[in-house]
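Student: These protein sequence lines map, in sequence, to chains A and B.
With the first letter of the first sequence counted as 1, position 45 gets the number 45 in our numbering; the numbers rise by one all the way through.
Just add 115 to the spot in the second sequence (first one is 1) and you have our numbering.
Even for Gly, the Cβ is constructed at its ideal location relative to N, Cα and C.
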Amino acid sequence: EVQLLESGGGLVQPGGSLRLSCAASGFTFDSYAMIWVRQALGKGLQWVSGISASGGSTYYADSVKGRFTISRDNSKNTLFLQMDSLRAEDTALYYCARDTTMDFWGQGTLVTVSS
Amino acid sequence: QSALTQPPSASGSPGQSVTISCTGTSSDVGGYNYVSWYQQHPGKAPKLIIYEVTKRPSGVPDRFSGSKSGNTASLTVSGLQAEDEADYYCCSYGGSNNWKVFGGGTKLTVL
């Protein structure tokens, strides 16, 4: 059974940093691209970042480019999102999803940026 | 990176069919056959229901179908059931500079 479990969310002040993790199981992790998507409370889905299966290619939404860094550790079946220079508008539930089709999703981890 | 355009709401009675549109540009929806649709019930994670415009993942009922014409993709739900009431989002590949772009979402109400 495919499982994705996000962690690392929390309350952080504007300008601060957080590192999200997504632990994957039930599939061959290093065969799939992975994606981060976020959803502000009561709002729609927004693609944040993606990474190829090998980790050699990364992609970012304009709104997070230069502030967020996606990475993965294929030996530990884990996806990461390093979030720096956080802003209030980054407040959202952050999901990780498998593959470019986003065929499986985790349950999300909540990030709140507030003073 | 502009979002794809979806109607904010749609509705239909049980047994009826409803179609939700998703309009983009030739740089995303119209340029690639990589449109997907997601269903999201309140408090739940999104679920993939259509990928590559017309394909259904295993386990998704064939009441859900996808299509595309030009820069507009569509999701049709036939034989509406109460459990189809949810938010629906389209998503398209937009090239290397705009890898993924979502629509704003459509709230489907089963009357």
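#1: Can you tell me whether V144 (chain B) is helix, strand or coil according to DSSP?
#2: Looking at C-beta atoms only, is the number of pairs between the region 143 to 152 of chain B and the region 164 to 184 of chain B that lie closer than 8 Å three or more?
#3: According to DSSP, what are the bridge partners of R87 (chain A)?
#4: If you measure from the beta carbon of T100 (chain A) to each beta carbon in chain B, is any gap under 9 Å?
#5: In the DSSP assignment, the beta strand (DSSP E) including E6 (chain A) goes from what residue to what residue?
#6: Who are I164 (chain B)'s beta bridge partners in DSSP?
#7: Would you mind working out which of A:T100, A:T91, A:M102, A:Q107 sits nearest S114 (chain A), comparing C-alpha positions?
#8: Exposed or buried, what is P161 (chain B) when buried is set at 16 or more other beta-carbons lying within 10 Å of its beta-carbon?
#9: Quick one: does F68 (chain A) have its CB under 9 Å from some CB of chain B?
#10: For G15 (chain A), count the other beta carbons within 10 Å of its own beta carbon; 16 or more makes it buried, fewer makes it exposed. Which is it?
#11: Could you name the residues of chain B that Y95 (chain A) contacts, counting a contact when the two beta carbons are closer than 9 Å?
#12: By how many angstroms is the C-alpha of G9 (chain A) removed from the C-alpha of S63 (chain A)?
Tutor: Let's see:
#1: Here residue 144 (chain B) is taken as the residue at index 29 of the second sequence, counted from 1. Three-state DSSP puts V144 (chain B) in a helix.
#2: yes
#3: Within the first sequence, numbered from 1, the residue matching residue 87 (chain A) stands at position 87. Answer by DSSP bridge pairing: none, since R87 (chain A) is not bridged.
#4: As a position in the first sequence, residue 100 (chain A) is number 100, starting the count at 1. Chain B contact via Cβ: present.
#5: Here residue 6 (chain A) refers to the residue found at position 6 when the first sequence is read from its first residue. That run of the beta strand (DSSP E) goes 3 to 7.
#6: Translated into positions along the second sequence, residue 164 (chain B) becomes position 49. Paired residue(s): none; I164 (chain B) is not in a bridge.
#7: For the purposes of this step, residue 114 (chain A) is identified with residue 114 of the first sequence, where counting begins at 1. When each option's Cα is compared against that of S114 (chain A), the closest is A:T91.
#8: Translated into positions along the second sequence, residue 161 (chain B) becomes position 46. Classification for P161 (chain B): buried.
#9: Here residue 68 (chain A) refers to the residue found at position 68 of the first sequence. With 9 Å as the cut-off, F68 (chain A) does not count as an interface residue toward chain B.
#10: Locating residue 15 (chain A) in the first sequence gives position 15, counting from the first residue. Result: exposed.
#11: Here residue 95 (chain A) refers to the residue found at position 95 of the first sequence. Near Y95 (chain A) (Cβ distances below 9 Å), the residues of chain B are A160, P161.
#12: Stepping through the first sequence from its first residue, residue 63 (chain A) is reached at position 63. Stepping through the first sequence from its first residue, residue 9 (chain A) is reached at position 9. Using only the alpha carbons, I get a separation of about 19 Å.
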